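Participant:
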Amino acid sequence: MPLGDRLADLSNPDLFSTFVEQMPAAVAMLDCNLRYLMVSRRWLIDYNLENQDIIGRSHYEVFPLLRSEEATAGDGRGWVEIVDGIPTPIHSHHQWQEIYTLCLAGQAQQGQSEYFIKSNGLRQRVKWEIQPWRTHTGEIGGVIMLTEFLPYHSFCDASLKETSFSKEPNGQLQQEIAERKQAQALQQESQEQYRSLIAAMAEGIIVQDTNGTIRTCNAAAERILGLSGDQIRGQTSTNPHWRAIKANGEPLPPEEYPINVTLRTGKPMTDVVIGLYKPDGTLIWLTINSQPLFYPNETKPYAAVASFIDITKPKEIKAQLRESEERFRATFEQAAVGIKHTSIEGKLIRVNQKFCDIVGYTREELLGLSCQVLTHPDDLESDRSHARSLLVGEMETYFLEKRYLRKNGTSVWVQITTSLVRTPEGNPKYFLNVVQDISLRKTAESALLRSESRLREQARREALLNRLSTEIRNSLELSTILETTVQEIRQMLQIDRCHFAWYHPHEVQSYWEVVKEARHRDLPSLIGRYPANIVGTLAQELLNLEILQIDDVEKSDDPVFRQFARSLGYASVLLLPMQAPSGTIGVISCSHTRGARPWMDSEVELLQAVIGQLLIAMKQAELYAASCRATQQAQEQAAQLSQALYKLQRTQAQLLHSEKMSSLGQLVAGVAHEINNPVNFIYGNLTYAQEYYHDLLSLVQLYRTAYPNPSAVIRERIDAIDLDFIMSDLAKLQNSMKVGAERIREIVQSLRTFSRLDESGRKLVDLHTGIESTLMILQYRFKGKPGFPSISVIKDYGELPLVDCCPGQLNQVFMNLLTNAIDALEEKMDGYQLQARGNPLNITTHFLPTITIQTGFVDRDTCEDGEQEDKETSLGEADCPESRNSYVFIRIADNGPGMTQQTQKQLFDPFFTTKPVGRGTGLGLAVSYQIVVEKHRGSLQCYSAPGQGAEFVIEIPVTPTPP
62 MPLGDRLADL
72 SNPDLFSTFV
82 EQMPAAVAML
92 DCNLRYLMVS
102 RRWLIDYNLE
112 NQDIIGRSHY
122 EVFPLLRSEE
132 ATAGDGRGWV
142 EIVDGIPTPI
152 HSHHQWQEIY
162 TLCLAGQAQQ
172 GQSEYFIKSN
182 GLRQRVKWEI
192 QPWRTHTGEI
202 GGVIMLTEFL
212 PYHSFCDASL
222 KETSFSKEPN
232 GQLQQEIAER
242 KQAQALQQES
252 QEQYRSLIAA
262 MAEGIIVQDT
272 NGTIRTCNAA
282 AERILGLSGD
292 QIRGQTSTNP
302 HWRAIKANGE
312 PLPPEEYPIN
322 VTLRTGKPMT
332 DVVIGLYKPD
342 GTLIWLTINS
352 QPLFYPNETK
362 PYAAVASFID
372 ITKPKEIKAQ
382 LRESEERFRA
392 TFEQAAVGIK
402 HTSIEGKLIR
412 VNQKFCDIVG
422 YTREELLGLS
432 CQVLTHPDDL
442 ESDRSHARSL
452 LVGEMETYFL
462 EKRYLRKNGT
472 SVWVQITTSL
482 VRTPEGNPKY
492 FLNVVQDISL
502 RKTAESALLR
512 SESRLREQAR
522 REALLNRLST
532 EIRNSLELST
542 ILETTVQEIR
552 QMLQIDRCHF
562 AWYHPHEVQS
572 YWEVVKEARH
582 RDLPSLIGRY
592 PANIVGTLAQ
602 ELLNLEILQI
612 DDVEKSDDPV
622 FRQFARSLGY
632 ASVLLLPMQA
642 PSGTIGVISC
652 SHTRGARPWM
662 DSEVELLQAV
672 IGQLLIAMKQ
682 AELYAASCRA
692 TQQAQEQAAQ
702 LSQALYKLQR
712 TQAQLLHSEK
722 MSSLGQLVAG
732 VAHEINNPVN
742 FIYGNLTYAQ
752 EYYHDLLSLV
762 QLYRTAYPNP
772 SAVIRERIDA
782 IDLDFIMSDL
792 AKLQNSMKVG
802 AERIREIVQS
812 LRTFSRLDES
822 GRKLVDLHTG
832 IESTLMILQY
842 RFKGKPGFPS
852 ISVIKDYGEL
862 PLVDCCPGQL
872 NQVFMNLLTN
882 AIDALEEKMD
892 GYQLQARGNP
902 LNITTHFLPT
912 ITIQTGFVDR
922 DTCEDGEQED
932 KETSLGEADC
942 PESRNSYVFI
952 RIADNGPGMT
962 QQTQKQLFDP
972 FFTTKPVGRG
982 TGLGLAVSYQ
992 IVVEKHRGSL
1002 QCYSAPGQGA
1012 EFVIEIPVTP
1022 TPP
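Going by our numbering, the sequence shown opens with residue 62, and the numbers climb by one from there.
(1) Buried or exposed for G399, please, with buried defined as at least 16 other CB atoms from any protein chain shown within 10 angstroms of its CB.
(2) Given a threshold of 16 other Cβ atoms within 10 Å of its Cβ, counted over all protein chains shown, does R517 qualify as buried or as exposed?
(3) Would E995 and A954 qualify as a contact pair, given that the criterion is a beta-carbon distance under 7 Å?
(4) With a 10 Å radius around its C-beta and 16 neighbouring C-beta atoms as the bar for buried, classify G673 as buried or exposed.
(5) DSSP beta-bridge partners for E175?
(6) Taking only the alpha-carbon atoms, compute the straight-line gap between Y591 and Y572 and give it to the nearest angstrom.
(7) With DSSP run on the structure shown, which of helix, strand or coil describes P1018?
(8) Label T484 either buried or exposed according to how many other C-beta atoms from any shown protein chain fall within 10 Å of its C-beta, with 16 as the threshold for buried.
(9) Can you tell me where the alpha helix (DSSP H) with S989 in it begins and where it stops?
(10) Going straight from the alpha carbon of N594 to that of A520, what length do you get?
(11) Over the uninterrupted alpha helix (DSSP H) stretch that includes E386, give me the two end residues.
(12) How would you call P585, buried or exposed, if buried means at least 16 neighbouring beta carbons within 10 angstroms?
(13) To the nearest angstrom, how far is it from the Cα of S472 to the Cα of R558?
(14) Between the region 385-397 and the region 347-359, are three or more C-beta pairs nearer than 8 Å?
(15) With a cut-off of 8 Å on the beta carbons, I'd call I370 and G265 a contact; round off their distance for me.
(16) Are the region 295-304 and the region 274-284 in contact at 8 Å, needing three or more beta carbon pairs?
(17) Between which two residues does the beta strand (DSSP E) holding N494 run?
(18) Between Y893 and T880, what straight-line distance do the alpha-carbon atoms span, to the nearest angstrom?
(19) Considering W104, what are the terminal residues of the alpha helix (DSSP H) in which it resides?
(20) Rounded to the nearest angstrom, what separates T830 and Q991 at their Cα positions?
(21) In three-state DSSP terms, what is L936?
(22) Please name the residue in G1008, L603, I205 whose C-alpha comes closest to that of N956.
(23) Which of helix, strand or coil does DSSP assign to E130?
(24) Can you give me the C-alpha to C-alpha distance between G135 and E200, rounded to a whole angstrom?
(25) I'd like the span of the beta strand (DSSP E) that includes T916, first residue to last.
(26) For the region 548-563 against the region 635-653, do three or more pairs of beta-carbon atoms, one drawn from each stretch, fall closer than 8 Å, so that the two count as touching?
(27) Can you confirm whether the region 418-427 touches the region 462-471 when touching is taken to mean that 3 or more C-beta pairs between the two stretches lie within less than 8 Å?
(28) Among all the DSSP beta bridges, which residues are the ones paired with G203?
(29) Ends of the beta strand (DSSP E) at K328?
(30) How is P485 classed by DSSP in three states: helix, strand or coil?
(31) According to the Cβ coordinates, are V475 and D440 closer than 7 Å?
(32) Taking only runs of the beta strand (DSSP E) that begin and end inside the region 843-873, which ones reach a length of at least 3 residues, in chain order?
(33) In whole angstroms, what is the alpha-carbon distance linking K463 and A448?
(34) At which residue ranges does the region 543-568 contain complete beta strand (DSSP E) runs of 3 or more residues, listed in the order of the chain?
(35) Give the range of the alpha helix (DSSP H) segment to which R778 is assigned.
(36) Using only CA atoms, which one of D865, L836, A364 lies nearest to K856?
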């Protein structure tokens, strides 16, 4: 029969649903644990399992596969071979387990002709094959087992032969023939089922005859190859249309196609990977298994069947996984840090070489080793605590510095970064640890810490030294410097006592003098003097400026000093001598009483540095003291010079002012004298002139009476000169001339009174007269001017006794004070004019300039100090005389702009003036102050504030007091 007639067309997908149930061979699909997933009906029939539900059950449970002597205890089924006519199990349980293991590893297994003892005791030859099946990703998911009981005619002769040799009865052969007929009846039905199964398989199936022609294929083959069934069937594998390559990318010749190799050799090919280009040029990768088909009793296959699956995507994924694995492995092995995987139980399951180098073990020694063996005992609890936190989800990663124990017993510091790897379901899988050797860093850190400690200690001591130096130098007093030094040293060294002593040599007995100390509150004071020999022979060493460091007094070689130290309760003593800039020897003594205290070299060095600073401070103190003495001398000289200069300036001012006033007085006296003569002449002749014009007027009246009708010429002249007006106005004119002459006489008298040239000595005078004469002289400045109102003078005179004074000098004072008051008022009025900026302004509506003069008399036994303390400002006030009976006061006030306190402080200084250049000399008030205070033993005070005007108060004793 032609092969094409024998092979069914498997392209019909409807046949796949009945494939498993109808295929002639018994088929079973099992998972990797050999539990049944699916079986064909033939499997259940052949092995008498129709009444059992074996899905999910273990294959070992269904077929115990025990030896013959144990088979009787089971269901009687087993695989056997005939040895000398005796059925013998062909495979043990372990052998079958090995067969399944190899198959699950990807190696197909088969048996061509073996006996199987059925449950009814009959044996029948069977052909079996076990192949792995793969998932869509290419991974092995389990095995497919195919078994086929051979027809009886294929082994009839063998059975007869076995029967003859085994001397078994021919009845058994007859039974086998009957069973054979029954099997043939089922063969056709099984073939139809087989075709349905092939058509429905996910694997591509093609059948090729010995001529290389493809006779049939299933739908999966069409889908995988990208060709229709008509394009596949009838083609030969040698057709150049098929372009295949090997796994390494080299071209694959047709004769090396797995199905061609199987046809040529008769041997199956399993898991052959090839690349195939589809018609559209796409390269796909296939895993192919090929199986020869034999006629009974023939050794040459009449055809071959090839099954294949598309592993392109799995291959790409696998390549990516391989590349990722290679990268991971390269990273894992070549990483500069140690990497290890630790099981949840704490055992090492994977390590890289760097980690091996860190701990000094080989990889083989580490795998399976507990991490507790490597971890330093002091770090175990911390490690466990962090691991527990990871497992319960309190943290995702932790960083920890710990120590590992190396194989040689030494420890190594590492920084470990740990995270927890979980399964897709979220269950803990293993710990991932990244380990970095930080021994060098730790060594450096330790060295750095030591260095930092030294530097910190040095910085602390330098800071203390700087602070001490600052404290010492904050004062230039030697006593304060020494006090600060001992206090700071005791605080710095935390000792019980620190004191400073001077050594004083003396012809009779030299001694130590403790001048400053800082001590614990429970210790007695040592301030005082002590004989130099009280410290024994150590005194000479101190005088030689040798440092004495005694850590334990009881070990001192000098019994005198030992006894002295015991008497003071000393346990440890440190003595540092020094020589002051003056040459005097001093000692800083540091002692401790509450137990021996070793003195460190750094402390001694620090105290030596303190002594250096102390000597500098002492030198500065001496320089400061010398400077203070020199400064004091200079200040005294400067004060003397200043006083002399002040007196010189005052004398100069007085001379200038006296000369000025003398010249003024002479001028005034001269003018008064020169005016006085003509005025007396005029005033004396006015009497005669009055008599003359009275006589003339009476004569004219007589003419008019006697001659009532004068001539025309006379009448014209009378009209021309307005005789009636002359006769009425002449008396008025004469009276005005008399008044003017009298006024001139008064002015002359005032000038003479003001000048007092004949009254330069002291005499009793009425001060009102001097004030009035001054006002008379200044009368022209009181009068108003265009744009300026006149100055109002308010007089509030009290009753004054005659005062023993120098009237000419006091008149100068009155003149200066009134002139200043007028200047201040004019300054204020000028300010109003400036505010107007050219606009007409009636100043009287804003300001009425006023000068108030008040006089009075006070009679008292003693001067009341602070009498004017209620005034706003009191400057220039002289010391009140210790004793005087009575005095008069003159107050001259104005409502001008006032003065600031700064101005008032300099008001009575010579040559100080607030007036513009050319308008003031700065001598008036200075001379006035000298006249009132020094000449008359009175006082001159000023009270003023900005915007409040100014008031000057003069107090003159009625009777003079000795200077």
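Using N, Cα and C, we set each Cβ at its ideal position, and we do this for glycine too. Because the structure is a prediction, the values reported are computed rather than measured.
Facilitator: On the basis of the data shown:
(1) Locating residue 399 in the sequence shown gives position 338, where the first residue counts as 1. The residue in question, G399, is buried, as its Cβ has 16 or more Cβ neighbours within 10 Å.
(2) If you number the sequence shown from 1, residue 517 lands on position 456. Exposed is the call here.
(3) In the sequence shown, residue 995 corresponds to position 934, counting from 1. In the sequence shown, residue 954 corresponds to position 893, counting from 1. In this structure, the beta-carbon distance from E995 to A954 does not fall below 7 Å.
(4) On the sequence shown, position 612 is the one that residue 673 refers to. Label assigned to G673: exposed.
(5) For the purposes of this step, residue 175 is identified with residue 114 of the sequence shown, where counting begins at 1. The partner list for E175 (beta bridge, DSSP) reads V187.
(6) The residue labelled residue 591 in the question sits at position 530 within the sequence shown. The residue labelled residue 572 in the question sits at position 511 within the sequence shown. Distance between Y591 and Y572, taken at the CA atoms: about 5 Å.
(7) Start at 1 with the first residue of the sequence shown, and residue 1018 comes out as number 957. The three-state reading of DSSP puts P1018 in strand, counting E and B together.
(8) Your numbering for residue 484 matches position 423 in the sequence shown. Classification for T484: exposed.
(9) By one-based count along the sequence shown, residue 989 stands at place 928. For S989, the uninterrupted alpha helix (DSSP H) segment begins and ends at 985-990.
(10) Here residue 594 refers to the residue found at position 533 of the sequence shown. Here residue 520 refers to the residue found at position 459 of the sequence shown. Their Cα atoms are separated by approximately 40 Å.
(11) Taking the first residue of the sequence shown as position 1, residue 386 is located at position 325. Unbroken alpha helix (DSSP H) run through E386: 373-395.
(12) On the sequence shown, position 524 is the one that residue 585 refers to. Exposed: under 16 other Cβ atoms inside 10 Å.
(13) What you label residue 472 is simply residue 411 of the sequence shown in a count that begins at 1. What you label residue 558 is simply residue 497 of the sequence shown in a count that begins at 1. Rounded to whole angstroms, S472 to R558 spans 48 Å at the Cα level.
(14) no
(15) Position 309 of the sequence shown, counted from the start, is the residue given in the question as residue 370. Position 204 of the sequence shown, counted from the start, is the residue given in the question as residue 265. Contact check for I370 and G265: beta-carbon distance about 7 Å, within the 8 Å limit, so the pair qualifies.
(16) yes
(17) The residue given as residue 494 occupies position 433 in the sequence shown. Where N494 is concerned, the enclosing beta strand (DSSP E) stretches over 489-498.
(18) If you number the sequence shown from 1, residue 893 lands on position 832. If you number the sequence shown from 1, residue 880 lands on position 819. Y893 and T880: Cα-Cα distance of roughly 20 Å.
(19) Start at 1 with the first residue of the sequence shown, and residue 104 comes out as number 43. First-last of the alpha helix (DSSP H) with W104: 102-107.
(20) Reading the sequence shown from its first residue, position 769 is the one you call residue 830. Reading the sequence shown from its first residue, position 930 is the one you call residue 991. Cα to Cα, the separation comes out at about 22 Å.
(21) On the sequence shown, position 875 is the one that residue 936 refers to. Residue placement at L936 cannot be trusted, given a pLDDT of 34 that sits under 50; what the coordinates show is reported in the next sentence. In this structure, L936 counts as strand in the three-state DSSP scheme.
(22) For the purposes of this step, residue 956 is taken as the residue at position 895 of the sequence shown. Among G1008, L603, I205, the Cα nearest to that of N956 belongs to G1008.
(23) By one-based count along the sequence shown, residue 130 stands at place 69. Confidence at E130 is low in this model, with a pLDDT of 40, below 50, so the placement of that residue should be treated as unreliable; the coordinate-derived value is given next. DSSP places E130 within a helical segment (H, G or I) once states are collapsed to three.
(24) Taking the first residue of the sequence shown as 1, we reach residue 135 at position 74. Taking the first residue of the sequence shown as 1, we reach residue 200 at position 139. Because G135 sits at a pLDDT of 42, beneath the cut-off of 50, its placement in the model cannot be relied upon, and the point is left open.
(25) Counting from 1 along the sequence shown, the entry for residue 916 is found at position 855. Run containing T916: 911-920, per the beta strand (DSSP E) assignment.
(26) yes
(27) Flag = yes, the region 462-471 and the region 418-427 touch.
(28) The sequence position of residue 203 within the sequence shown is 142, counting from 1. G203 is bridged to D92, W194.
(29) Here residue 328 is taken as the residue at index 267 of the sequence shown, counted from 1. Careful: K328 lies outside any beta strand (DSSP E) and carries neither H nor E.
(30) Stepping through the sequence shown from its first residue, residue 485 is reached at position 424. DSSP places P485 in coil when its eight states are reduced to three.
(31) Numbered from its first residue, the sequence shown carries residue 475 at position 414. Numbered from its first residue, the sequence shown carries residue 440 at position 379. Not closer than 7 Å, so no.
(32) 853-857, 864-866
(33) Position 402 of the sequence shown, counted from the first residue, corresponds to residue 463. Position 387 of the sequence shown, counted from the first residue, corresponds to residue 448. A straight line joining the alpha-carbon of K463 with that of A448 spans about 14 Å.
(34) 558-565
(35) Looking up residue 778 in the sequence shown gives position 717. R778 -> alpha helix (DSSP H) spans 773-782.
(36) Walking along the sequence shown from the start, residue 856 turns up at place 795. That would be L836, whose Cα lies nearest to the Cα of K856.
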